[in-house]
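First residue of the sequence shown: 12, per my numbering; consecutive thereafter.
Only one structure is covered here, and it is reproduced in the block below.
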Amino acid sequence: MLIRANKGAWRPQSTGVSIASRLWLAFALVLLCVVASLRPLAPALAEELPPPALVAHGYKMAGDASRVRLVLQFDGEPAANWFLLRGPHRLVIDLPDTRFSIEPEATEARGLVSDVRYGMISAGKGRLILSTEGPFAVEAFDILRNTSSPGYRLVADLVASTEAAFEAALADQVTTTGSTRSTPKGDRVVRSEGEASQPFTIVIDPGHGGIDSGARGTTGTLEKDITLTFAEELKSRLEEDTRFRVQLTRGEDVFLRLDERVRIARQHGANLFISVHADTIRYRSVRGATVYTVSDQASDAEAAALAARENLSDELAGLSVEDENHEVSDILMDLIRRETHAFSVRFARTLVGSLSDRVELIKNPHRYAGFRVLKAPDVPSVLLELGYLSNSEDEKQLLDAEWREKAIGSVVTAVRSFAGATAATGG
Ligand SMILES: [Zn+2]
Numbered sequence: 012m013l014i015r016a017n018k019g020a021w022r023p024q025s026t027g028v029s030i031a032s033r034l035w036l037a038f039a040l041v042l043l044c045v046v047a048s049l050r051p052l053a054p055a056l057a058e059e060l061p062p063p064a065l066v067a068h069g070y071k072m073a074g075d076a077s078r079v080r081l082v083l084q085f086d087g088e089p090a091a092n093w094f095l096l097r098g099p100h101r102l103v104i105d106l107p108d109t110r111f112s113i114e115p116e117a118t119e120a121r122g123l124v125s126d127v128r129y130g131m132i133s134a135g136k137g138r139l140i141l142s143t144e145g146p147f148a149v150e151a152f153d154i155l156r157n158t159s160s161p162g163y164r165l166v167a168d169l170v171a172s173t174e175a176a177f178e179a180a181l182a183d184q185v186t187t188t189g190s191t192r193s194t195p196k197g198d199r200v201v202r203s204e205g206e207a208s209q210p211f212t213i214v215i216d217p218g219h220g221g222i223d224s225g226a227r228g229t230t231g232t233l234e235k236d237i238t239l240t241f242a243e244e245l246k247s248r249l250e251e252d253t254r255f256r257v258q259l260t261r262g263e264d265v266f267l268r269l270d271e272r273v274r275i276a277r278q279h280g281a282n283l284f285i286s287v288h289a290d291t292i293r294y295r296s297v298r299g300a301t302v303y304t305v306s307d308q309a310s311d312a313e314a315a316a317l318a319a320r321e322n323l324s325d326e327l328a329g330l331s332v333e334d335e336n337h338e339v340s341d342i343l344m345d346l347i348r349r350e351t352h353a354f355s356v357r358f359a360r361t362l363v364g365s366l367s368d369r370v371e372l373i374k375n376p377h378r379y380a381g382f383r384v385l386k387a388p389d390v391p392s393v394l395l396e397l398g399y400l401s402n403s404e405d406e407k408q409l410l411d412a413e414w415r416e417k418a419i420g421s422v423v424t425a426v427r428s429f430a431g432a433t434a435a436t437g438g
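Spelled out as structure tokens, the structure:
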């Protein structure tokens with residue numbers, strides 16, 4: 012609407028306001044829209060604030076058209092991952108929350124590197140992008156501890172290569188991501204000596220919270236309380252296995268936006284995301300657990316209705332929902348998404364199998380629909396409906412610690428099996 016009004020203002024008219032000042036007004040309005048759309052996700056709503064920003068400084072680039080070395084200093088150890096993009100050829104380096112203190116002259120085009128960009132791309136996530144004159148290979152990518160001064164440095168060596176080699180590297184990064192890391196080839200980052208291999212990270216998302224209570228049981232049980240209790244119990248059971256690192260999206264009764272839940276999973280580099288729910292259904296006799304994965308096409312009308320209800324969470328809390336398509340459409344991203352989806356489905360099947368040994372499941376217990384909370388492109392994600400609060404038997408079970416322990420045992424078994432399988436396939 013604003014844009015339309017601006018366009019009207021461009022028409023020369025014989026009013027007292029000059030065209031120049033109208034142009035300025037239009038410019039200011041457009042700028043306001045841009046600034047408003049760039050505002051970061053509300054971090055105050057997150058259960059935990061992201062760790063304090065690292066400072067990146069001392070950017071240096073040296074070399075020629077055949078090879079370039081990039082060195083970037085950090086005041087702390089950055090968890091950095093990289094991947095390649097084409098059109099133009101780019102090296103994308105993902106960084107944690109970073110404050111970039113970089114001299115503009117240092118990033119001027121040099122040799123192989125034609126353009127350098129950096130900045131925060133979302134709350135808690137920094138990014139550095141190097142575009143090149145042509146195809147290249149990443150010969151080295153290391154995070155090294157400085158010996159004579161405090162801090163760490165990122166050192167990357169790019170060498171000119173052929174189009175075929177670049178394409179092969181692109182294809183390779185797609186097939187080897189395993190979609191269990193936030194970016195492909197993260198394991199190529201050289202870690203400081205003595206550091207153990209990365210633990211398998213599970214982010215558990217207790218559905219609803221705060222102003223959004225979720226479903227209400229026949230005796231008044233609130234879904235947001237059931238999901239939090241279950242998530243906390245599941246977390247402590249999983250943590251008994253030292254190979255697992257477990258994070259909750261919320262550890263108390265607070266409201267979280269759906270995209271914030273997804274962001275927390277990605278921020279922690281989750282290998283698996285489990286959103287826990289206990290909704291109601293219009294058929295009171297329906298009971299049992301269900302495992303959902305994301306899909307544009309719903310498996311059935313009930314799954315579609317449930318996803319639609321869940322997706323309203325932000326609106327119900329009085330928040331405006333931003334356009335979801337801020338992810339740039341990219342062939343590589345699509346491939347990663349597809350592969351992630353295959354992993355989500357694999358885990359869902361494993362989970363259904365292990366739940367069926369111990370708890371009641373609904374008919375066709377693996378279902379799918381367009382849940383927004385399951386849309387991390389690179390984190391295998393499922394939504395676990397523990398049971399239906401609309402069914403009094405299910406409600407009783409959800410409140411029963413013994414039943415929860417059985418169900419949690421099944422989830423732990425499934426996670427172990429999934430983690431083992433992805434490790435075996437190099438994921
Ligand atoms: Zn729910």
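Cβ coordinates follow ideal geometry from the N, Cα and C atoms, glycine included.
The model shown is predicted, which means the values in this text are computed figures rather than measured ones.
Inset, instruction - Let me know if Asp-325 comes out buried or exposed under the rule of 16 or more other beta-carbons within 10 Å of its beta-carbon. - result: Asp-325 comes out buried.
Inset, instruction - State buried or exposed for Asp-183, treating a residue as buried only when at least 16 other CB atoms are found within 10 Å of its CB. - result: Exposed: under 16 other Cβ atoms inside 10 Å.
Legend entry - Leu-239 versus Ser-365 - alpha carbon distance: Straight-line Cα distance between these residues: approximately 22 Å.
Inset, instruction - Mark Val-107 as exposed unless 16 or more other C-beta atoms lie within 10 angstroms of its C-beta, in which case mark it buried. - result: Correcting the residue type first, residue 107 is Pro in the shown sequence and not Val. Buried: at least 16 other Cβ atoms inside 10 Å.
Legend entry - Nearest residue (CA-CA) to Phe-266, options Glu-404, Ile-222, Val-127: Looking at the Cα atoms, Ile-222 is the closest of the given residues.
Legend entry - Delimiting residues of the alpha helix (DSSP H) encompassing Ser-324: Annotation for Ser-324: the continuous alpha helix (DSSP H) segment containing it runs 324-327.
Legend entry - 6 Å Cβ shell around Arg-427 - same chain, five flanking residues per side excluded: Setting aside the 5 residues that flank it on each side, Arg-427 has no residue in the same chain whose C-beta is closer than 6 Å to its C-beta.
Legend entry - 6 Å Cβ shell around Ala-73 - same chain, five flanking residues per side excluded: Within its own chain, the residues whose Cβ lies closer than 6 Å to the Cβ of Ala-73, once the five positions on either side in sequence are excluded, are Arg-80, listed in chain order.
Inset, instruction - For the stretch 248-265 and the stretch 291-305, state whether three or more C-beta atom pairs, one from each stretch, are separated by less than 8 Å. - result: Judged by Cβ distances under 8 Å, the stretch 248-265 makes no contact with the stretch 291-305, as fewer than three pairs qualify.
Inset, instruction - My understanding is that Lys-71 touches Asp-105, with C-beta atoms under 8 Å, so please give their C-beta distance in whole angstroms. - result: With a beta-carbon spacing of about 20 Å, Lys-71 and Asp-105 fall beyond the 8 Å limit used to define contacts.
Inset, instruction - Compute the minimum distance between the beta carbon of Gly-225 and the heavy atoms of ligand 1, and state whether it is under 7 Å. - result: Answer for Gly-225: yes, Cβ within range of ligand 1.
Inset, instruction - Please state if the CB of Leu-141 and the CB of Leu-83 are separated by a distance shorter than 8 Å. - result: Between Leu-83 and Leu-141, the gap from beta carbon to beta carbon reaches 8 Å or more.
Inset, instruction - Check whether the Cβ of His-114 lies closer than 7 Å to any heavy atom of ligand 1, and answer yes or no. - result: Inspection of the sequence shows that residue 114 is occupied by Glu rather than by His. Outside the cutoff, so no.
Legend entry - Sequence ranges, beta strand (DSSP E) only - wholly within the stretch 59-137, length at least 3: Entirely contained in the stretch 59-137, the beta strand (DSSP E) runs reaching 3 residues are, in chain order, 65-74, 78-85, 92-96, 101-107, 109-112, 124-133.
Legend entry - Spatial neighbours of Ser-172 in its chain, beta-carbon cut-off 7 Å, leaving aside the 5 residues before and after: Around Ser-172: Pro-146, Phe-147, Ala-148.
Legend entry - In DSSP terms, what Ser-286 is bridged to: Residue pairing of Ser-286 in beta bridges, as defined by DSSP: Asp-216, Leu-394.
Legend entry - Residue-level contact to chain C via CB, Asp-290, 8 Å cutoff: Absence of chain C from the displayed structure is noted, only one protein chain being present.
Legend entry - From Tyr-294, Gly-329, Phe-241, residue whose alpha carbon lies closest to that of Val-423: The shortest Cα separation from Val-423 among Tyr-294, Gly-329, Phe-241 belongs to Phe-241.
Inset, instruction - State the DSSP-derived secondary structure class of Thr-240, mapped to helix, strand or coil. - result: Under the three-state reduction of DSSP, Thr-240 is assigned to helix.
Legend entry - His-219: CB within 7 Å of a non-hydrogen atom of ligand 1: His-219: yes, Cβ under 7 Å from ligand 1.
Legend entry - 4-residue-minimum alpha helix (DSSP H) runs that sit fully inside the stretch 354-405, ordered along the chain: The qualifying runs do not exist here; there are none.
Inset, instruction - Label Leu-155 either buried or exposed according to how many other C-beta atoms from any shown protein chain fall within 10 Å of its C-beta, with 16 as the threshold for buried. - result: With fewer than 16 other Cβ atoms within 10 Å, it is exposed.
Inset, instruction - Rounded to whole angstroms, what's the CA-CA distance from Ala-387 to Arg-277? Just pull it up for me. - result: For Ala-387 and Arg-277, the distance between alpha carbons rounds to 7 Å.
Inset, instruction - Find out if the Cβ-Cβ distance for the pair Arg-78, Val-170 is shorter than 8 Å. - result: The answer is yes: Cβ separation under 8 Å.
Inset, instruction - Return helix, strand or coil for Phe-177, following the three-state DSSP convention. - result: DSSP places Phe-177 in helix when its eight states are reduced to three.
Inset, instruction - List the DSSP bridge partners of Ala-151. - result: In DSSP, Ala-151 forms a bridge with Asp-168.
Inset, instruction - Over the uninterrupted beta strand (DSSP E) stretch that includes Gln-258, give me the two end residues. - result: Taken as a continuous stretch (DSSP letters only), the beta strand (DSSP E) holding Gln-258 covers 255-259.
Inset, instruction - Could you tell me if Ser-160 is buried or exposed, where buried requires 16 or more neighbouring beta carbons within 10 angstroms of its beta carbon? - result: The residue in question, Ser-160, is exposed, as its Cβ has fewer than 16 Cβ neighbours within 10 Å.
Inset, instruction - Give me the Cα-Cα distance between Leu-89 and Tyr-163, rounded to the nearest whole angstrom. - result: One detail in the question is off: residue 89 reads as Pro in this sequence, not Leu. Distance between the alpha carbons of Pro-89 and Tyr-163 is about 8 Å.
Inset, instruction - Count the other C-beta atoms from every protein chain shown that fall within 10 angstroms of the C-beta of Gly-329, then say buried if there are 16 or more, exposed otherwise. - result: By the neighbour-count rule (16 or more Cβ atoms within 10 Å), Gly-329 is not buried but exposed.
Legend entry - Extent of the continuous beta strand (DSSP E) run through Ala-276: The continuous stretches of beta strand (DSSP E) do not include Ala-276, which lies in the alpha helix (DSSP H) extending over residues 269-278.
Legend entry - Buried or exposed (CB count within 10 angstroms, at least 16 for buried), Pro-115: Under this definition Pro-115 is an exposed residue.
Legend entry - Run of the beta strand (DSSP E) containing Thr-301, from where it starts to where it stops: Run containing Thr-301: 300-305, per the beta strand (DSSP E) assignment.
Inset, instruction - Please say whether Arg-97 and Phe-177 have beta carbons closer to each other than 8 Å? - result: Against a cut-off of 8 Å, the Cβ pair of Arg-97 and Phe-177 comes out as a contact.
Inset, instruction - Report the residue from Glu-406, Tyr-379, Ser-401, Leu-410 whose alpha carbon sits nearest the alpha carbon of Leu-395. - result: Measuring from the Cα of Leu-395, the nearest candidate turns out to be Tyr-379.
Inset, instruction - Please report how far the alpha carbon of Ser-296 lies from the alpha carbon of Glu-371, in whole angstroms. - result: Whole-angstrom Cα-Cα distance: 13 Å.
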